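Protein chains in written order, with the numbering used here: chain U, 1 to 111; chain S, 1001 to 1113.
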C-alpha cells in the first residue's frame, strides 16, 4: 500500500525566508500527489496536486512542489514566507481509490 | 458554490454513549469520504461512498462505527458505543469522482470523557 513520510513535524522560518516542507512517498503505481493546508479549527484546503503532467506544480498562495521520481519526493516550497502561512501542512498520496496522508508538518513563521 | 457542510462542529460525550455526525457534500459530488483525524496525526480514511454505495470501508471499526448515504447525497456517521480513543476530529470530504480533488468540510471535533 502507498504511504507518505513528512520529514519534520515542526518547521520554523522567519518572515521572508524560504519555506521548504519535505515529503517522501512510496507507491506501486504512478501516484497522484497532493499538498493540503489546515488552519486552526478548519478543514483541509488543497494547495496543489500532481497528476503525472508537469513535474513542477504551482499552487495557491505562491506555493509550488516538484515531483522527483528518482528520489520519490514531492517537497513543497515557497520563496518568501508570510505570517499568514503559519498552519499545518499535509502531504498525501493517492492510488486508485485510496488516499493516504502524512502526519503533517506544523509551520511557524517568526516576525 | 457552497462548500462541504458538517454538523455539529463540537460534541462532548461520555464513554459508552452514542453520537452521530452529519455531512452535506458539494452539490453534484458523487464521492463522499469520512476521515478520522487524531490530534497530531494526518487524516485516516474511515469510509468512502460512490453515490450511495460503499467503495472502501476497510479501516472502519465496524463493531462500533457505522455510516450511511441513503439517497446518495448527505451522509451520517455514527459511533455506538463511544470509547475514549474515539476523541478526534471527524472530517467529511467530497469529490466529483474517485481520484478527483477532495474538498473538505470544517470537521466535527469529538471529545469522549
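Glycine included, C-beta positions come from ideal geometry on N, C-alpha and C. Just so we're clear, the structure is a prediction, and the values are computed from it rather than from any experiment.
| query | result |
| --- | --- |
| Among U:98, U:52, U:104, the one whose alpha carbon lies nearest that of residue 36 of chain U | U:104 |
| Close Cβ partners of residue 1104 of chain S (< 7 angstroms) along its chain, the five nearest in sequence each way excluded | 1004, 1091, 1093 |
| Distance between beta carbons of residue 1018 of chain S and residue 1082 of chain S, contact taken as under 8 angstroms | 7 angstroms |
| Chain-ordered chain S contacts of residue 63 of chain U [CB-CB under 8 angstroms] | Those within 8 angstroms of residue 63 of chain U in chain S number zero; the least Cβ separation is about 15 angstroms. |
| Interface partners of residue 1042 of chain S on chain U, CB under 7 angstroms | 90, 101, 102, 103, 104 |
| Where residue 119 of chain U sits in the DSSP three-state scheme | With chain U represented from 1 up to 111, any question about residue 119 of chain U goes unanswered, as that position is not in the structure. |
| Counted within 10 angstroms of its Cβ, other Cβ atoms place residue 1008 of chain S as buried (16 or more) or exposed | exposed |
| Residue 1021 of chain S - containing beta strand (DSSP E), residue span | 1019–1024 |
| Residue(s) in a DSSP beta bridge with residue 74 of chain U | U:67 |
| 8 angstroms Cβ cut-off: residues of chain U touching residue 1054 of chain S | Correct list: empty, because the minimum Cβ distance to chain U is about 11 angstroms. |
| Interface residues of chain S facing residue 58 of chain U [CB-CB closer than 7 angstroms] | Here the premise fails: no neighbours, minimum Cβ distance about 15 angstroms. |
| Residue 1101 of chain S: contacting residues in chain U (beta-carbon distance under 9 angstroms) | 34, 46, 49 |
| Distance between residue 62 of chain U and residue 131 of chain U (C-alpha atoms, nearest Å) | Because chain U in this structure spans residues 1 to 111, residue 131 of chain U falls outside the shown range and cannot be described. |
| CA-to-CA distance, residue 1014 of chain S to residue 72 of chain U, given in whole angstroms | 44 angstroms |
| Local Cβ density within 10 Å of residue 1108 of chain S, reported as buried at 16 or more and exposed below that | buried |
| CB contact flag (residue 101 of chain U, residue 92 of chain U, <9 angstroms) | yes |
| Contacts that residue 112 of chain U makes with chain S (C-beta to C-beta distance below 7 angstroms) | The structure shown does not extend to residue 112 of chain U, since chain U spans only 1 to 111, so no value can be given for it. |
| Beta-carbon contacts of residue 1056 of chain S that lie in its chain and below 8 angstroms, excluding the five residues immediately before and after | 1045, 1047, 1048 |
| Segment contact flag, the stretch 77–87 of chain U with the stretch 53–69 of chain U, C-beta cutoff 8 angstroms, min 3 pairs | yes |
| Close-in-space but distant-in-sequence residues of the same chain around residue 1026 of chain S (CB under 8 angstroms, 5 per side omitted) | 1001, 1002, 1003, 1004, 1094, 1103 |
| Contact list for the stretch 1078–1097 of chain S against chain U, Cβ threshold 8 angstroms | 1091, 1093 |
| Per DSSP, cross-strand counterpart(s) of residue 1013 of chain S | S:1112 |
| Cβ of residue 1104 of chain S within 9 angstroms of any chain U Cβ | yes |
| Completely contained alpha helix (DSSP H) runs for the stretch 1061–1091 of chain S, where each covers 4 or more residues | none |
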